[in-house]
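Just below is one structure, and these are the notes that go with it.
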Amino acid sequence: MKEEVLLAAIQRRKVRDRWFTGFLMGMGFFTLLPLFMIMIAVLWNGWRQLFTLSVALAAAGTAEVTALSLVVSVPFGVGLGLYLCDDRGTATANVIRHVANFLSGLPSLLIGMAVYEWLVAPMESRSLVAGSVALAVMAVPYIARETENKLCSRTAWFHDGALAIGASRYQAWTRIALPLLARPLVAAILFSSAHMLGETAPLLFTAGGGRSALRGVFAPVPTLQLRVYGDALTARPSLAGQVYAGALGLTIFTLVIFMLAKWIEYSDAR
Amino acid sequence: MKAPRVHASDRLFVAFLFMFAVFLVALFVAVGFALFRGAWPTLIANPVAHLAGERWVPAQGWFGVAYFLYGTLISSFVGMVFASVVGVGTALLLTQFAHTFAVKAIRALIDVMSVIPSVVYGVWGLFALAPWLRFMPAGLMAAGLILGVMVLPTLIVTVGKMMDSVPQELVDGALALGATRTEKVRIIILPYARIGIIGAIFLCFGRALGEAVAVALVIGSAHGASRSWFAPGNTLASLIAKQFFSADTPLLRSSLYEVGLLLAFVYTVFYIASKLLVWRVSRRVGAV
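Printed below as a string of structure tokens:
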């Protein structure tokens, strides 16, 4: 009799375990559902108007803004990451890491407003430069954190070994650690570009708009993000196709860079 | 990892690296200073009274932001309730339940989710989700749902890290005593990682507060008409996103900068709260 009671209790616990597993699978399904819905909606509604001149121009503008911002943010981001790893454990480095974390989570809209105050208002025009600076301000902490993670976790032994046999710090970083990390760093920079492409708010007040192509770095530049946002804000169903085409272009752009980064990371890990 | 400075060049190199740290601090100060400078005209007059009140009618000189603060907190709260339930569940699934292949596949898809541009989420919410959910028109609730979906990837990764930090001895002990996986989660994982999970949720709350573009698209537009969660509204961020560039008077512009400062303040509160919680956990993990 007692055995039966025990067996029933075990059975109950097993059933409960199964129910809970099912519940968690449901949660996983809910997590991924929006992704599939977005992909389907954007592809289905956007592909017809994807290959138009205005989408191409805006895509070119997006590429210009992102590329120009990388010119600034990569050296500073990687340098900052090197500092954080080299000085790891000291109070100063901890403070700096907090500042970087704080900045990378700061509402990106505020960065756009700050750049507006510094660049757009004095120059009296939104411009490619201002948009790039806004994106760069966002990217520096991100790249720094990625660099630090990669540097400190993966090459610490090699780096310490180099120091132990008498290399200078400069040699240990530039001859040993950085060459080992060339690929992961490129991947990290691509990841951060993908994240920058996802940001619209910092461009809102800085990059400008218009529908023309590049007219120089001090002139407004059309970008996919702003075009999609501007058209969508009118909420006119007649513009929906156009909006979706822009969104599809932006998504493809982002995903291509993201996949490239993943591929580099994967090929490096092997 | 302090290496002895045996090389003369080390001093120079360390100074060179330190320059980047100084640069970051300068950047931080520059951003803060720019926001204060923008808000200066209204800040020196009477900062608190200027933004007090419920009505935002710039033409008549009313700049009350109480309603937008309410909208910001409510929409983020709705988003975080949704994201916490789904996100913690998914993180449990990934760290404790799923098989290796499923974990890899789901993680890869969550990574993809985290790079989808915010404006695409907004467009999807506006054109696809809103008509589909006819009972739920543009408003705080719709904005909250979009925010919840947007912070999910970050939340899952952060919460997953907290769950991974549970010492393996405890888990093994529970399993050795015959616990099912569910019991392991209930007795070991959740109690141990609880504070870290709450910290991660706070961090994502801070992220959700500042999201402007997607929210601006789905939230409709209203300046304090209704308190309903289902009516069009506005948040601090969406208000700035919509009105900043068309702001034609210096007074309105500097008021919007002041709204920006308020947003930065709310973000800072959540940031510090989350850091304190995570710090508590990491101190305890270090002690074990």
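Here the protein sequences come in this chain order: U and H. Numbering follows our numbering, with no gaps: position 263 of the first sequence is 263. Here our numbering = 1-based position in the second sequence + 270. Positions of the beta carbon are idealized from the N, C-alpha and C atoms, including for glycine.
Check: Who does Val327/H pair with in a DSSP beta bridge?
Finding: Residue numbering aside, residue 327/H sits at position 57 when the second sequence is read from its first letter. Paired residue(s): Trp332/H.
Next item on the list: Taking only the alpha-carbon atoms, compute the straight-line gap between Asp518/H and Thr52/U and give it to the nearest angstrom.
Entry: Within the second sequence, residue 518/H is the residue found at index 248, counting from 1. Within the first sequence, residue 52/U is the residue found at index 52, counting from 1. Taking the straight line from one Cα to the other gives about 34 Å.
Notebook entry, point to check: Between which two residues does the alpha helix (DSSP H) containing Ile40/U stretch?
Noted result: Residue numbering aside, residue 40/U sits at position 40 when the first sequence is read from its first letter. Unbroken alpha helix (DSSP H) run through Ile40/U: 2-46.
Margin query: Distance cutoff 8 Å, beta carbons only. Does Gly392/H sit that close to anything in chain U?
Written below: Looking up residue 392/H in the second sequence gives position 122. Yes, Gly392/H counts as interfacial toward chain U.
Check: Apart from the five residues on each side of it in sequence, which residues of its chain come closer than 6 Å, Cβ to Cβ, to Ser255/H?
Finding: Outside the displayed span of chain H (271 to 558) sits residue 255/H, for which this structure offers no information.
Checklist line | CB of Val390/H within 8 Å of CB of Leu226/U, strictly | finding: Taking the first residue of the second sequence as 1, we reach residue 390/H at position 120. Taking the first residue of the first sequence as 1, we reach residue 226/U at position 226. Cβ atoms of Val390/H and Leu226/U: not closer than 8 Å.
Next item on the list: Mind checking which residues open and close the alpha helix (DSSP H) that includes Ile467/H?
Entry: As a working note, residue 467/H is residue 197 in the second sequence. Its alpha helix (DSSP H) spans residues 460-480.
Next item on the list: Answer with yes or no whether the minimum CB distance from Leu422/H to chain U is below 8 Å.
Entry: One-based indexing of the second sequence puts residue 422/H at position 152. Closer than 8 Å to some Cβ of chain U, the Cβ of Leu422/H qualifies, so yes.
Note to self: By the DSSP assignment, the alpha helix (DSSP H) with His159/U in it spans what residues?
What the structure shows: For the purposes of this step, residue 159/U is identified with residue 159 of the first sequence, where counting begins at 1. Unbroken alpha helix (DSSP H) run through His159/U: 156-164.
Notebook entry, point to check: Do we get a CB-CB distance below 8 Å when we pair Met138/U with the residues of chain H?
Noted result: Within the first sequence, numbered from 1, the residue matching residue 138/U stands at position 138. Judged by the 8 Å Cβ criterion, Met138/U is not in contact with chain H.
Next item on the list: Could you check which residue in Ser516/H, Leu479/H, Leu532/H has the C-alpha nearest to that of Leu417/H?
Entry: Walking along the second sequence from the start, residue 417/H turns up at place 147. Comparing Cα-Cα distances from Leu417/H to each of Ser516/H, Leu479/H, Leu532/H, the minimum goes to Leu479/H.
Notebook entry, point to check: Does the pairing of the segment 143-154 of chain U with the segment 216-234 of chain U give three or more beta-carbon distances under 8 Å?
Noted result: no
Margin query: For a cutoff of 8 Å on Cβ pairs, would you count Trp47/U as touching chain H?
Written below: Residue mapping note: residue 47/U aligns to position 47 of the first sequence, counting from 1. It does not; no Cβ of chain H falls within 8 Å.
Notebook entry, point to check: Should Ser54/U and Leu135/U be called a contact, given that it needs their Cβ atoms to be closer than 8 Å?
Noted result: Counting from 1 along the first sequence, the entry for residue 54/U is found at position 54. Counting from 1 along the first sequence, the entry for residue 135/U is found at position 135. No, these two residues do not count as a Cβ contact at 8 Å.
Item checked: Per-residue burial, Asp160/U [other beta carbons within 10 Å of its own, 16 or more giving buried] -> The residue labelled residue 160/U in the question sits at position 160 within the first sequence. Asp160/U counts as exposed, since fewer than 16 other beta carbons sit within 10 angstroms of its beta carbon.
Item checked: Trp157/U: contacting residues in chain H (beta-carbon distance under 8 Å) -> Looking up residue 157/U in the first sequence gives position 157. Contact note: Trp157/U does not reach chain H at a C-beta cutoff of 8 Å; the least C-beta distance is about 11 Å.
Item checked: Contact the segment 236-252 of chain U vs the segment 117-128 of chain U: 3+ CB pairs below 8 Å -> By the Cβ criterion, the segment 236-252 of chain U is not in contact with the segment 117-128 of chain U, since fewer than three pairs of Cβ atoms, one from each stretch, lie closer than 8 Å.
Next item on the list: In angstroms with no decimal places, state the Cα-to-Cα distance between Val71/U and Gln171/U.
Entry: If you number the first sequence from 1, residue 71/U lands on position 71. If you number the first sequence from 1, residue 171/U lands on position 171. Spanning the two alpha carbons is a distance of roughly 25 Å.
Next item on the list: Look at Glu64/U and Val256/U and say whether their C-beta atoms are less than 8 Å apart.
Entry: Here residue 64/U is taken as the residue at index 64 of the first sequence, counted from 1. Here residue 256/U is taken as the residue at index 256 of the first sequence, counted from 1. Between Glu64/U and Val256/U, the C-beta gap is not smaller than 8 Å, which leaves the two residues out of contact.
Note to self: Can you check whether the C-beta of Tyr142/U is within less than 8 Å of a C-beta belonging to chain H?
What the structure shows: For the purposes of this step, residue 142/U is taken as the residue at position 142 of the first sequence. No - not a single Cβ of chain H is within 8 Å of the one on Tyr142/U.
Next item on the list: Output yes or no for whether 8 Å exceeds the beta carbon distance between Ile465/H and Ala361/H.
Entry: Counted from its first residue, the second sequence places residue 465/H at position 195. Counted from its first residue, the second sequence places residue 361/H at position 91. Against a cut-off of 8 Å, the Cβ pair of Ala361/H and Ile465/H comes out as no contact.
Next item on the list: Please state whether DSSP places Ala449/H in a helix, a strand or coil.
Entry: Counted from its first residue, the second sequence places residue 449/H at position 179. Ala449/H: coil per DSSP, three-state reduction.
Check: Taking C-beta to C-beta, are Leu287/H and Leu82/U nearer than 8 Å?
Finding: Residue 287/H sits at position 17 when you count from the first residue of the second sequence. Residue 82/U sits at position 82 when you count from the first residue of the first sequence. Yes, the Cβ-Cβ distance between Leu287/H and Leu82/U is below 8 Å.
Next item on the list: Mind reading off the beta-carbon distance from Ala245/U to Gly28/U? Whole number of angstroms is fine, and I expect it under 8 Å.
Entry: Position 245 of the first sequence holds residue 245/U. Position 28 of the first sequence holds residue 28/U. So it is not a contact: roughly 31 Å between Cβ atoms.
Margin query: Is there a C-beta anywhere in chain H that falls below 8 Å from the one on Arg175/U?
Written below: Numbered from 1 along the first sequence, position 175 holds the residue referred to as residue 175/U. No, because no Cβ of chain H sits closer than 8 Å to the Cβ of Arg175/U.
Notebook entry, point to check: Would you say Gln242/U reaches chain H, if we count a Cβ-Cβ gap shorter than 8 Å as a contact?
Noted result: On the first sequence, position 242 is the one that residue 242/U refers to. False, the Cβ-Cβ gap to chain H never drops below 8 Å.
Checklist line | Simplified DSSP assignment, three categories, for Ser127/U | finding: For this step, residue 127/U is matched to residue 127 along the first sequence. Three-state DSSP puts Ser127/U in coil, outside helix and strand.
Check: Quick one: what does DSSP say Asn504/H is sitting in, helix, strand or coil?
Finding: Position 234 of the second sequence, counted from the start, is the residue given in the question as residue 504/H. DSSP places Asn504/H in coil when its eight states are reduced to three.
Next item on the list: Measure from the alpha carbon of Val548/H to the alpha carbon of each residue in Gly503/H, Val488/H, Cys474/H, then state which is nearest.
Entry: Reading the second sequence from its first residue, position 278 is the one you call residue 548/H. Comparing Cα positions, the closest option is Cys474/H.
Check: Residue range of the alpha helix (DSSP H) that Arg175/U falls in?
Finding: Translated into the one-based positions of the first sequence, residue 175/U becomes position 175. Note, Arg175/U: premise wrong, no alpha helix (DSSP H); not H, not E.
Check: Just curious, the alpha helix (DSSP H) that Phe288/H is in, first and last residue?
Finding: To locate residue 288/H, count along the second sequence from 1; it is residue 18. Where Phe288/H is concerned, the enclosing alpha helix (DSSP H) stretches over 278-315.
Checklist line | Environment of Pro437/H [buried if 16+ CB atoms lie within 10 Å] | finding: Sequence index remark: in the second sequence, residue 437/H carries index 167 (1-based). Residue environment for Pro437/H: exposed (fewer than 16 other C-beta atoms within 10 angstroms of its C-beta).
Notebook entry, point to check: Using a C-beta cutoff of 8 Å, does Pro107/U count as contacting chain H?
Noted result: Here residue 107/U refers to the residue found at position 107 of the first sequence. For Pro107/U, a Cβ of chain H is located within less than 8 Å of the residue's own Cβ.
Next item on the list: Can you pull the chain U residues whose beta carbon is under 7 Å from the beta carbon of Ala507/H, in chain order?
Entry: For the purposes of this step, residue 507/H is taken as the residue at position 237 of the second sequence. Chain U residues near Ala507/H: Pro107, Leu109.
Item checked: 8 Å Cβ shell around Ile510/H - same chain, five flanking residues per side excluded -> The residue given as residue 510/H occupies position 240 in the second sequence. Counting only Cβ-Cβ distances below 8 Å, and skipping sequence neighbours, we find Ala482, Leu526, Val529, Gly530, Leu533.
Next item on the list: Kindly indicate which residue of Ala378/H, Thr452/H, Tyr537/H has the alpha-carbon position closest to the one of Phe258/U.
Entry: Against the first sequence, residue 258/U aligns to sequence position 258. Ranked by Cα distance from Phe258/U, the first of Ala378/H, Thr452/H, Tyr537/H is Ala378/H.
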